[in-house]
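Residue numbers (UniProt numbering): 1 to 398.
Every residue gets a Cβ at the ideal spot worked out from N, C-alpha and C, and that includes glycine.
Okay, so here's the structure we're looking at.
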C-alpha cells in the first residue's frame with residue numbers, strides 16, 4: 001500500500017497517450033466524495049462517474065473507492081494548455097520540459113453557457129483580480145433576487161479566486177474559485193475554473209502568450225505499452241453523440257486492421273454505455289475493468305484530507321441558523337455536508353437531540369449581518385429556509 005500517489009505530473013512518451021495509474025482507497029466515516037476528489041487531484045464528476053451508486057455526501061464507511069487517476073491525453077497538439085471539456089480536465093505541456101505533462105481537473109460552463117472551443121492564448125495574467133461582472137450575469141442574478149455589483153473586489157466573495165489568466169477570446173478566463181467543490185462540474189458562466197491550489201501552481205508556470213487549445217472530446221483513444229485504451233464520457237448536449245460514435249468505430253476498425261489484433265466489441269459498447277471516464281483496454285484478451293481495479297494501486301487513506309471544510313467549535317456567544325430537523329440521520333448528515341461545501345463555506349454540523357431526532361445547525365456566525373447573509377444564500381442557492389438564533393436566545397438541543 002502506497003502512502004501517497006502522484007496526482008498531477010506525469011512522464012509522457014512520444015508514442016504514448018495514456019498517463020497516470022488507476023488507484024483505490026478505502027473510505028472512512030464522515031468524509032464526502034468532494035473531499036476525497038480534491039485531495040487526490042480529481043474533479044467531482046470524475047470520482048462520481050468512476051464510482052456509480054456511491055452517495056456523494058455520505059458514502060458508506062469502509063467502501064473501496066476507485067480513484068480514476070489514469071487519463072488519455074486529448075487528440076490535439078501537445079503544446080501549451082489543452083482543455084478537454086468532455087473530461088473536464090486541463091493538460092499543460094511545459095515548453096522547457098519535453099516528455100512531461102501536468103494535468104488538473106477543471107470546472108466549465110454550464111448548459112446554455114458552454115465554454116467555447118478553439119485555439120486561443122493567454123493575453124494577460126492577474127493576481128488577486130477584481131471581477132468586472134458582465135451585464136448578462138448581473139441580470140441573471142437580479143432575477144434570482146441576488147443582485148451583484150458592477151465590480152467585485154478581491155477577497156473571499158470573488159468567484160475568480162486569487163489568480164486569473166485572461167484568454168484572447170474576450171470575456172473568457174482560466175481562473176481560481178471561491179467554490180472549490182464546483183470543480184469537475186458544469187457550473188460556471190463559461191470560464192474554466194481550477195482548485196485554488198492548482199491555479200496558483202499553474203499561474204506561476206504558464207507565461208503570457210502561451211497557446212490554449214480547448215476541445216470537446218468525449219471518446220478518447222490512446223496507447224500505452226502496446227495496449228489500446230478507450231476512455232468515454234457522456235457527450236454534452238451540443239454534440240451529436242451518434243455521429244461521434246460512428247466516427248469512433250470507423251477509427252477503431254482502421255486501428256484493428258493495422259494492429260492485427262481483434263477488438264472486443266461488446267466491451268467497447270459497455271464502455272460507451274457506462275461512460276465511467278476510466279481508460280480501459282479494448283483488444284480481445286486484454287484486462288477488463290474488474291481486472292484493472294483488482295490490480296490497481298492501493299493508497300493509504302490520508303490522516304487529513306486537503307482542504308476539507310470543518311465547522312468551528314460552538315460557542316454561547318455565536319449566532320446560529322437551524323437548517324433542518326429530521327428523524328433520518330443520513331438526511332441530516334447530507335444537508336450538513338452540502339452546507340459545509342458551499343463557497344464560501346456555511347459551517348454546519350449535525351446535533352443529535354434527546355428525542356432521537358437530528359438537527360442541522362449552521363454557525364457559529366460572528367454577527368447578525370453575517371448570519372442573515374448565510375440565511376439568504378441558503379434560501380437562494382439551496383431553497384433552505386432556516387431559523388436564526390441570536391446569542392440572547394437559548395439554542396434548544398432537545
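Straight through space, the alpha carbons of residue 80 and residue 95 are spaced by roughly 7 Å. The beta carbon of residue 128 lies closer than 7 Å to those of 154, 162 in the same chain, with the five residues before and after it left out.
Inclusion of residue 289 and residue 282 in the CB contact set at 8 Å is not warranted, their separation being larger than that value. For the 8 Å CB-CB criterion, residue 351 and residue 21 do not form a contact. For residue 341, the secondary structure class from DSSP, reduced to helix, strand or coil, is coil. Residue 71 has its alpha-carbon roughly 22 Å from the corresponding atom of residue 26.
Straight across, the Cα-Cα distance linking residue 188 with residue 110 is about 6 Å. With fewer than 16 other CB atoms across the displayed protein chains lying within 10 angstroms of its CB, residue 380 is exposed. The DSSP-derived three-state label of residue 301 is coil. In the DSSP annotation of this structure, the continuous segment of the alpha helix (DSSP H) that includes residue 241 starts and ends at 241-259. Taking C-beta atoms as the reference points, residue 361 and residue 349 count as a pair closer than 8 Å. Classified as exposed, residue 390 has fewer than 16 neighbouring CB atoms from the shown chains inside 10 Å of its CB. Per DSSP, the continuous alpha helix (DSSP H) segment holding residue 371 begins and ends at 368-382. With a threshold of 16 other beta carbon atoms within 10 Å, residue 107 meets it and is buried. Pairwise C-beta distances place the segment 137-148 out of contact with the segment 219-226, as fewer than three of them are shorter than 8 Å.
Straight through space, the alpha carbons of residue 198 and residue 338 are spaced by roughly 23 Å.
Put simply, of 324, 334, 34, 62 the residue whose alpha carbon is nearest the alpha carbon of residue 375 is 324. Here DSSP, grouped into helix, strand and coil, assigns residue 175 to strand. By the CB criterion at 8 Å, residue 16 and residue 217 fall outside the cutoff. Residue state for residue 316 is assigned as coil, using DSSP reduced to three classes.
Counting along the chain, the unbroken alpha helix (DSSP H) around residue 272 starts and ends at 265-274. In this structure the segment 84-95 lies against the segment 228-236, because at least three pairs of beta carbons, one per stretch, are closer than 8 Å. Below 8 Å, too few C-beta pairs join the segment 302-320 and the segment 258-274 to call them touching: fewer than three.
Note that the segment 297-311 touches the segment 340-347; at least 3 beta-carbon pairs, one per stretch, sit closer than 8 Å. Excluding residues up to 5 positions away in sequence, 348, 349, 350, 360 lie with their Cβ nearer than 7 Å to the Cβ of residue 336 in the same chain. A check of alpha carbon separations from residue 230 across 8, 273, 124 identifies 273 as the nearest. With contacts defined as CB atoms closer than 8 Å, residue 12 and residue 36 fail to qualify as a contacting pair. One Cα belongs to residue 67, the other to residue 131, and the distance between them is close to 34 Å. The beta strand (DSSP E) runs lying completely inside the UniProt domain "L,D-TPase catalytic" (79-215) and spanning 3 residues or more are 80-84, 89-93, 100-105, 118-127, 163-167, 173-175, 186-188, 211-215, given in chain order.
The distance from the Cβ of residue 159 to that of residue 179 is about 7 Å, consistent with a contact at the 8 Å cut-off. Nearest neighbour of residue 171 by Cα position, chosen from 203, 334, 256, 124, turns out to be 124.
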